[in-house]
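S.K.: Position 53, counted from 1, in the sequence shown is what my numbering calls 53; the numbers after and before it change by one each time, with no gaps. Note that the Cβ used here is the ideal one computed from N, Cα and C, for glycine as well.
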Amino acid sequence: MSDEPVTMTIDGRAADAAEHFDVINPATEAAVARVPDASQAQLDEAVDAARRAFPGWRATALPERQALVRRLGERIGAETEWLARILTTEQGKPLADARIEIGAAAYWLIEVAGQDVPVEIVTDTPERRIETRHVPLGVVAAIVPWNFPVGLAAWKIAPALVTGNTLVLKPSPFTPLSTLAIGEIARDILPPGIFNVISGGDRLGPWITAHPGIDKVSFTGSTATGRAIMRSAADDLKRITLELGGNDAAIVLEDADVEALAPRLFWAAFANNAQFCLATKRMFVHEAVYDRLAAALIAYAATVVVGDGAAEGTQIGPIQNPAQYRRIVAMLDAARAGGIRFLAGGTVTPGTGYFAPISIADNPPDNAPIVAEEAFGPILPLLKFGSDDEVVARANASIYGLGASVWGRDPARLQAIADRLEAGTVWINTIHELAPHLAFAGHKQSGVGVENGLAGLLAYTNPQTLVVARG
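1. Assuming L180 and E90 are in contact, meaning their beta carbons sit under 8 Å apart, how far apart are those beta carbons, in whole angstroms?
2. My guess is that I198 and V217 are in contact by the Cβ rule of under 8 Å, so how many angstroms apart are they, rounded?
3. Pair every Cβ in the stretch 191–209 with every Cβ in the stretch 43–57, then say whether three or more of these pairs are closer than 8 Å.
4. Are three or more beta carbon pairs between the stretch 260–271 and the stretch 306–314 nearer than 8 Å?
5. Measuring only the C-alpha atoms, how far is G114 from Q66?
6. Can you tell which of L421, R239, L297 has its C-alpha closest to the C-alpha of A262?
7. If you measure from the CB of G200, is any heavy atom of the ligand GDP nearer than 6 Å?
8. Would you check if the stretch 97–114 and the stretch 144–154 touch, i.e. whether three or more CB-CB distances between them fall below 8 Å?
9. Determine, using beta carbons only, whether V406 and I428 come nearer to each other than 7 Å.
10. Whose CA, out of I24, A158, K444, lies closest to the CA of N321?
11. On the DSSP letters alone, give me the boundaries of the alpha helix (DSSP H) that W57 sits inside.
12. Starting from the N-terminal side, write out each stretch of the alpha helix (DSSP H) that is 4 residues or longer and does not extend beyond the stretch 315–361.
13. Of all the options C277, H20, G351, which has the alpha carbon lying nearest to the alpha carbon of E373?
14. Would you mind sorting H286 into buried or exposed? The rule is 16 or more other CB atoms within 10 Å of its CB.
15. If you reduce the DSSP assignment to three classes, tell me which class T175 lands in.
16. Report the option in L137, G471, E4 whose CA atom is closest to the CA atom of G164.
17. Which of helix, strand or coil does DSSP assign to T28?
18. Reducing DSSP to helix, strand and coil, say where Q275 ends up.
19. Hey, could you find the ends of the beta strand (DSSP E) T280 is sitting in?
20. What is the rounded straight-line gap between the Cα of E184 and the Cα of P126?
21. At the level of alpha carbons, what is the spacing between P350 and G246?
22. Ignore the nearest five residues each way along the sequence and tell me which others in E81's own chain have a CB closer than 8 Å to its CB.
23. For Q464, which beta-bridge partners are listed by DSSP?
24. Taking only the alpha-carbon atoms, compute the straight-line gap between I182 and L43 and give it to the nearest angstrom.
25. Residues bridged to I10 by DSSP?
26. Starting from the Cα of V168, find the closest Cα among I10, D419, A30 and give me that residue.
27. Once DSSP output is grouped into helix, strand and coil, what is the label at R409?
28. From L343, T88, I379, A256, pick the residue whose C-alpha is nearest to that of A330; which is it?
29. Report yes or no: do the stretch 395–405 and the stretch 238–254 share at least 3 C-beta pairs separated by less than 8 Å?
30. Do you know how far the Cα of A337 is from the Cα of T7?
31. Do F219 and I121 have their CB atoms nearer than 7 Å?
32. Cutting at 6 Å between CB atoms, please list the residues of its own chain near G12, excluding the five before and the five after it.
33. Return yes when the Cβ of I319 is within less than 7 Å of the Cβ of A344, no when it is not.
34. Could you work out which residue in E259, V35, P411 is closest to F481 when comparing CA atoms only?
35. Runs of 4 residues minimum, wholly inside the stretch 111–168: which ones carry the alpha helix (DSSP H) assignment?
36. One question on the structure: do T241 and G449 come within less than 7 Å of each other, judged by their Cβ atoms?
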């Protein structure tokens, strides 16, 4: 365990707490740090600091706010190696992937810092001028998950600060270290109170969503928690952005070159150990190429190295936390007990660390839990289909609608299928292409609101129409 003190950031200063909790390395199950467990009074202190700082930050010229956010991104990029090692230690992902996440977070901050908050001139005549502008909301609470704790934090930090809001950021109790480190970096860049980072256990989230001093909650996590946040936020009509679960479908047509696509399709499902809201979680494969793709995926899976993310050559790390690990074990046990056949994996061998095998299921029924529910772990069902109408209906038969992909050679057919899919993002012959300027939104129970793009930026504002009579 590290002897270095881990602190929160409240009003631009380091802050400890009376209570603490351990952060566990999921590859070794060893405690690596003790982290402050914020009290309700400390949450009040962070919110009060953000409220005091808001008028001055709102009045700060947009170019100056942009410059400071850009500088924060540049500093994070300069600290990539330090932050990546922290991230791997607490999250478990391979160090190479951690570096990518830190780099992407830095890029996001820099790119969003270049976005402008538009003003629409509705009327401009000698008699009157009417414009609609976008003003900040106030204090934003950002609640980020454990799968991409730094990357997804950047999705919230950048638009909130650029648009003139102040921020209270809560990391997952499973992965607080890298986000608290971002707060430490920000102390030297942002004015006090603008950006506060507080850590805590299960009690902190409900305190935040019910807090009367918070104007908006931006949350990424499970659909079940999103429902609870929506109920809590209703009491004082907080604005909300909820990026929630997914059960994304990939549709592989019979004219696809399945052997060439197998590595891409594998990582579409198993990137970040499938702990990814946009991971392919149902792979529909045309019956004419099902056996070929299954064989290619199994062969490729056998080459992938699963292990401690800090070890050289590791490509997939452990499940991030014990609760999720137990859930994956239970899902695999139930699937085998229900007669589902696995082409790879399917059985967890107990040992040190929360490791689960790459598991590929052979055409289970659509109502099986490993198909109908979001596993959020390395379980992929391969599902046979025969016609386009059939596969579209089955892909859409879900409470979720986050992402989807279609793979094949006929552009018109691919487009026709994509147009019928009920998902916020649909990729054709590619997957997981995300960018600061691309709107990202979940359909159905995959979310409320938008992140990224102009719509995501303006989600941190209220529209205000100004009417000026002249003469």
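M.R.: Let's see:
1. Numbered from 1 along the sequence shown, position 180 holds the residue referred to as residue 180. Numbered from 1 along the sequence shown, position 90 holds the residue referred to as residue 90. Distance from L180 to E90 at the Cβ level is roughly 10 Å; contact not present, criterion being Cβ atoms closer than 8 Å.
2. In the sequence shown, counting from the first residue as 1, residue 198 sits at position 198. In the sequence shown, counting from the first residue as 1, residue 217 sits at position 217. Between I198 and V217 the beta-carbon gap is near 14 Å, outside 8 Å, which marks them as no contact.
3. Contact annotation: the stretch 191–209 touches the stretch 43–57, with at least three C-beta pairs closer than 8 Å.
4. Two segments are said to touch when three or more pairs of C-beta atoms, one from each, lie closer than 8 Å; by this definition the stretch 260–271 does not touch the stretch 306–314.
5. Counting from one through the sequence shown, the residue named residue 114 turns up at place 114. Counting from one through the sequence shown, the residue named residue 66 turns up at place 66. Taking the CA atoms as reference points, G114 sits about 7 Å from Q66.
6. Locating residue 262 in the sequence shown gives position 262, where the first residue counts as 1. Of the listed residues, the one whose Cα sits closest to A262 is L297.
7. Here there are no bound small molecules, and the ligand GDP is not part of this structure.
8. Short answer: they touch.
9. As a first step, residue 406 must be located in the sequence shown, where it is residue number 406. As a first step, residue 428 must be located in the sequence shown, where it is residue number 428. In this structure, V406 places its C-beta atom within 7 Å of the C-beta atom of I428.
10. Residue 321 sits at position 321 when you count from the first residue of the sequence shown. Of I24, A158, K444, the residue nearest in Cα terms is I24.
11. Taking the first residue of the sequence shown as 1, we reach residue 57 at position 57. Element bounds for W57: 40–59.
12. Runs of the alpha helix (DSSP H) inside the stretch 315–361: 322–337.
13. The residue labelled residue 373 in the question sits at position 373 within the sequence shown. Per the C-alpha coordinates, the member of C277, H20, G351 positioned closest to E373 is C277.
14. Residue 286 sits at position 286 when you count from the first residue of the sequence shown. So H286 counts as buried.
15. Looking up residue 175 in the sequence shown gives position 175. Here T175 sits in coil by DSSP.
16. Here residue 164 is taken as the residue at index 164 of the sequence shown, counted from 1. With distances taken between Cα atoms, G164 lies closest to L137.
17. If you number the sequence shown from 1, residue 28 lands on position 28. If DSSP states are grouped into helix, strand and coil, T28 belongs with coil.
18. Counting from 1 along the sequence shown, the entry for residue 275 is found at position 275. Correct three-state label for Q275: coil.
19. Indexing the sequence shown from 1 puts residue 280 at position 280. First-last of the beta strand (DSSP E) with T280: 280–286.
20. For the purposes of this step, residue 184 is taken as the residue at position 184 of the sequence shown. For the purposes of this step, residue 126 is taken as the residue at position 126 of the sequence shown. Whole-angstrom Cα-Cα distance: 52 Å.
21. In the sequence shown, the residue the question calls residue 350 occupies position 350. In the sequence shown, the residue the question calls residue 246 occupies position 246. Each residue's alpha carbon lies about 28 Å from the other.
22. Here residue 81 refers to the residue found at position 81 when the sequence shown is read from its first residue. Spatial neighbours of E81 in its own chain (CB-CB distance under 8 Å, excluding positions within 5 residues in sequence) are listed in chain order as R99.
23. The count along the sequence shown starts at 1 and reaches residue 464 at position 464. Answer is R133.
24. Here the question's residue 182 lines up with position 182 in the sequence shown. Here the question's residue 43 lines up with position 43 in the sequence shown. Cα to Cα, I182 sits roughly 18 Å from L43.
25. What you label residue 10 is simply residue 10 of the sequence shown in a count that begins at 1. Its beta-bridge partners are R13.
26. Against the sequence shown, residue 168 aligns to sequence position 168. Checking every option, the nearest Cα to that of V168 belongs to I10.
27. Within the sequence shown, residue 409 is the residue found at index 409, counting from 1. When DSSP states are grouped into helix, strand and coil, R409 belongs to the coil group.
28. Within the sequence shown, the letter at position 330 stands for residue 330. Nearest C-alpha to A330: I379.
29. The stretch 395–405 is in contact with the stretch 238–254.
30. Mapped onto the sequence shown, residue 7 falls at position 7. Mapped onto the sequence shown, residue 337 falls at position 337. Distance between the alpha carbons of T7 and A337: 47 Å.
31. As a position in the sequence shown, residue 219 is number 219, starting the count at 1. As a position in the sequence shown, residue 121 is number 121, starting the count at 1. Going by C-beta atoms, F219 is not nearer than 7 Å to I121.
32. Along the sequence shown, read from residue 1 onward, the residue named residue 12 stands at position 12. Once the five neighbours on either side are set aside, the close Cβ partners of G12 are R187, P192.
33. On the sequence shown, position 344 is the one that residue 344 refers to. On the sequence shown, position 319 is the one that residue 319 refers to. No.
34. There is no way to answer for residue 481, as the model of the chain reaches only from 1 to 471.
35. 151–162, all fully within the stretch 111–168.
36. Against the sequence shown, residue 241 aligns to sequence position 241. Against the sequence shown, residue 449 aligns to sequence position 449. Yes, they are a contact pair.
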